[in-house]
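Asker:
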Amino acid sequence: MDVERSSLCNCVVNFLLEEKYILTAFELLQELLDDGRDDHAIRLKEFFSDTSHFPPDQISRFNSLRAMFFSVPFVVEKRSADPQSLLEEKEAMEEKLALTAYELRLAQEDISKLTELQKKSDLSLAELSESKSNLSVNLGPDILRQKKNASLTDLGPLKDNERRDLNCAVKEYLLLAGYRLAAMTFYEEVTDQNLDVWQNTPACVPDALRHYYYQYLSSTSEAAEEKIAMLRENESLLKANERLNNEKEKLLIAKDLSNNQISGLTKSLEAVQKDLKDRESQN
1135 MDVERSSLCN
1145 CVVNFLLEEK
1155 YILTAFELLQ
1165 ELLDDGRDDH
1175 AIRLKEFFSD
1185 TSHFPPDQIS
1195 RFNSLRAMFF
1205 SVPFVVEKRS
1215 ADPQSLLEEK
1225 EAMEEKLALT
1235 AYELRLAQED
1245 ISKLTELQKK
1255 SDLSLAELSE
1265 SKSNLSVNLG
1275 PDILRQKKNA
1285 SLTDLGPLKD
1295 NERRDLNCAV
1305 KEYLLLAGYR
1315 LAAMTFYEEV
1325 TDQNLDVWQN
1335 TPACVPDALR
1345 HYYYQYLSST
1355 SEAAEEKIAM
1365 LRENESLLKA
1375 NERLNNEKEK
1385 LLIAKDLSNN
1395 QISGLTKSLE
1405 AVQKDLKDRE
1415 SQN
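For what it's worth, the numbering used here labels the leading residue of the sequence shown as 1135, then goes sequentially.
#1: Residue 1164 lies in the alpha helix (DSSP H); which residues open and close that run?
#2: For residue 1312, which three-state DSSP category applies?
#3: Taking all protein chains shown into account, do 16 or more other C-beta atoms lie within 10 angstroms of the C-beta of residue 1416, making it buried, or fewer, making it exposed?
#4: Classify residue 1413 as helix, strand or coil using the three-state DSSP reduction.
#5: Taking the CB atoms as reference points, tell me whether residue 1151 and residue 1159 lie closer together than 8 Å.
#6: Three Cβ pairs or more, each shorter than 8 Å: is that satisfied between the segment 1143-1157 and the segment 1319-1331?
#7: Alpha carbon to alpha carbon, how far is residue 1391 from residue 1401? Give it in angstroms, no decimals.
#8: Return the CA-CA distance between residue 1205 and residue 1314, expressed in angstroms with no decimal places.
#9: Under 8 Å by Cβ, that's how I've got residue 1308 and residue 1316 pegged, so tell me the actual separation to the nearest angstrom.
#10: Is it the case that the Cβ atoms of residue 1147 and residue 1177 are separated by a distance below 8 Å?
#11: Could you give the C-beta distance for residue 1182 and residue 1163, rounded to a whole number, given that I count them as a contact under 8 Å?
#12: Less than 8 Å between the beta carbons of residue 1149 and residue 1300, yes or no?
#13: Would you report the Cα separation of residue 1385 and residue 1304, rounded to the nearest angstrom?
#14: Look at the alpha carbon of residue 1318 and the alpha carbon of residue 1368, and state the distance between them as a whole number of angstroms.
#15: Between residue 1329 and residue 1173, what straight-line distance do the alpha-carbon atoms span, to the nearest angstrom?
#16: Short of 8 Å in beta carbon distance, which residues of its chain neighbour residue 1295, apart from the five on each side in sequence? Order them along the chain.
#17: Report buried or exposed for residue 1175, applying the criterion of at least 16 other Cβ atoms within 10 angstroms of its Cβ.
#18: For residue 1215, name the three-state secondary structure that DSSP assigns.
#19: Assuming residue 1327 and residue 1366 form a contact by the criterion Cβ under 8 Å, report the distance between their Cβ atoms to the nearest whole angstrom.
#20: Could you work out which residue in 1312, 1293, 1377 is closest to residue 1171 when comparing CA atoms only?
#21: Exposed or buried, what is residue 1142 when buried is set at 16 or more other beta-carbons lying within 10 Å of its beta-carbon?
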């Protein structure tokens, strides 16, 4: 059961980071740590500890936004029979919600900027990789061809229906796992879909998440190289099997010839023996 839960959690973490649901990923990190599941939070901790992408003031803003989410339910739960107190509570809550919305907007703007920077960084790395490939074209054509083929395994962006299913699957997972604040944040980040409407059932959650996870893994260069190696090994095994089948056919043909020869020799021997008996009887 722990292995199953760990596997699903890893799928969700990969989905949130790859699809840029940064606020939800940050909230999930906090809830995993609060839940004592540090082993599930390793990648998230490494991701948010990168100061080049998340300077301390950005993390402080995330924490401030999280604190406001924590405080809102307690404000709602307080009740008083005094109309003036109720009015003051309402005004305080409206102010708190307005501040929360402002902090959320700032955080989303920061995330957009970080996403653009990451795209530029990825583009620069791709151009650098291409230039290195061009410079080393005469050093190893076969190796370069393998790398080129590996890059072609990139699956590209998710289709709309795949994204909708995965969004609902992640929401269901967060709720079922008890990470309600992360689920609330996910509702805020997914603005183009009603997460409460899903044609599939929660039973599809593990399959949907794993399908994405394995697709994501198959798009990495390491997995592509491993896949190429497996295809080559499979090809060599097929050739070996074909060779063995050919040898088997030859052996079967040789066996048939031998059987025919034995049959012919047996008949000849029987004929000779009969001839000898006939001669003996004549004498």
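For each residue, glycine too, the CB sits at the ideal point set by N, CA and C.
What you are looking at is a predicted structure, and each value in this text was computed from that prediction instead of being measured.
Answerer: On the basis of the supplied data:
#1: Run containing residue 1164: 1156-1168, per the alpha helix (DSSP H) assignment.
#2: Here DSSP, grouped into helix, strand and coil, assigns residue 1312 to coil.
#3: Exposed, because fewer than 16 other Cβ atoms sit within 10 Å of the Cβ of residue 1416.
#4: Helix.
#5: With a cutoff of 8 Å on beta-carbon distance, residue 1151 and residue 1159 are scored as near each other.
#6: Touching, yes, given that three or more Cβ pairs across the two stretches are closer than 8 Å.
#7: Going by the C-alpha atoms only, they are around 15 Å apart.
#8: Caution applies to residue 1205, whose pLDDT of 49 falls short of 50 and renders its modelled position unreliable; the value that the coordinates give is listed next. Across the structure, residue 1205 and residue 1314 are spaced so that their CA atoms are roughly 14 Å apart.
#9: That belief holds up - the Cβ atoms of residue 1308 and residue 1316 are roughly 5 Å apart, short of 8 Å.
#10: It is a contact, given that the beta carbons lie within the stated cut-off.
#11: Approximately 6 Å separates the beta-carbon atoms of residue 1182 and residue 1163; this is inside 8 Å, confirming the contact.
#12: Yes, Cβ-Cβ distance for residue 1149 and residue 1300 is below 8 Å.
#13: If you draw a straight line from the Cα of residue 1385 to the Cα of residue 1304, it comes to about 59 Å.
#14: Their backbone Cα atoms lie some 47 Å apart in a straight line.
#15: One C-alpha to the other measures close to 29 Å.
#16: A distance below 8 Å between beta-carbons, with the five flanking residues on each side excluded, links residue 1295 to no residue of its chain.
#17: Buried is the call here.
#18: Because the pLDDT of residue 1215 is 47, which lies under 50, any placement of that residue in the model is unreliable, and the question is left without a value.
#19: Contact between residue 1327 and residue 1366 is absent: CB atoms are separated by about 42 Å, not below the 8 Å threshold.
#20: Here the closest residue by C-alpha is 1312.
#21: So residue 1142 ends up on the buried side.
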